[in-house]
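Asks:
In the numbering used here, the protein residues as written are 938 to 1119.
1) Is it the case that the segment 1083-1099 contacts the segment 1055-1073, given that we only count it when at least three CB pairs across the two stretches are under 8 Å?
2) For the segment 983-1001 against the segment 1012-1022, are there 3 or more C-beta pairs whose distance is under 8 Å?
3) Would you give the residue range spanned by the beta strand (DSSP E) that residue 1044 belongs to?
4) Check whether the segment 1064-1079 and the segment 1026-1046 are in contact - that is, three or more C-beta pairs closer than 8 Å.
5) Determine the DSSP secondary structure at residue 967, reduced to helix, strand or coil.
6) Using the Cβ count rule (16 or more neighbours within 10 Å means buried), how would you classify residue 1119?
7) If contact is defined by three or more beta carbon pairs under 8 Å, each pair taking one atom from either stretch, is the segment 974-985 in contact with the segment 1049-1058?
8) According to the neighbour-count rule (16 or more other Cβ atoms, all chains shown, within 10 Å of its Cβ), is residue 1100 buried or exposed?
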């Protein structure tokens, strides 16, 4: 289920025509866009004791002759022998940091296969109007009742090749969503 959608840097959101538990639609100069977010249930192989879970984001553009799938992102955890989690951590975000009138689409995911209290893997993903995907990887930041922390490291990875406003946006999105307080 999607959480509240909040723009950064005072930017306006695209004019949404629909918002439900897993689909967003909006219109810009390219046409009508649809973004479908899916999270599978955990599938357990009882015989072997492993679990798997997947997430997927798919973008469609409505053309005169129907819908055209422009990109898809799939990820997840496969064959995990302990506790498993693969989910969208927060609602998608939209920006127009290059001021071209076309929105970059951002989402953040959390994945883990662990049987202890340790940081999960967090990924910030941005897809630009040319359907190129950029990734920032981080460890979830755990904050314990005594004030101590674990995790919280990150790697700008693909964003290092982009202008600073993209790096700043990726970090702000990460920092707003990657902390877990016990």
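Backbone N, C-alpha and C define an ideal beta-carbon position, used for all residues, glycine too. As the structure is a computational prediction, the values presented were derived from the model and not from experiment.
Replies: According to the structure shown:
1) In this structure the segment 1055-1073 lies against the segment 1083-1099, because at least three pairs of beta carbons, one per stretch, are closer than 8 Å.
2) Short answer: they touch.
3) Going by DSSP, residue 1044 is part of the beta strand (DSSP E) stretching over 1041-1051.
4) The segment 1064-1079 is in contact with the segment 1026-1046.
5) Reduced to three states, the DSSP call for residue 967 is coil.
6) Exposed, because fewer than 16 other Cβ atoms sit within 10 Å of the Cβ of residue 1119.
7) Per the Cβ contact rule, the segment 1049-1058 is not in contact with the segment 974-985 (fewer than 3 Cβ pairs under 8 Å).
8) In summary, residue 1100 is exposed, with fewer than 16 beta-carbon neighbours lying within 10 Å of its beta-carbon over all protein chains present.
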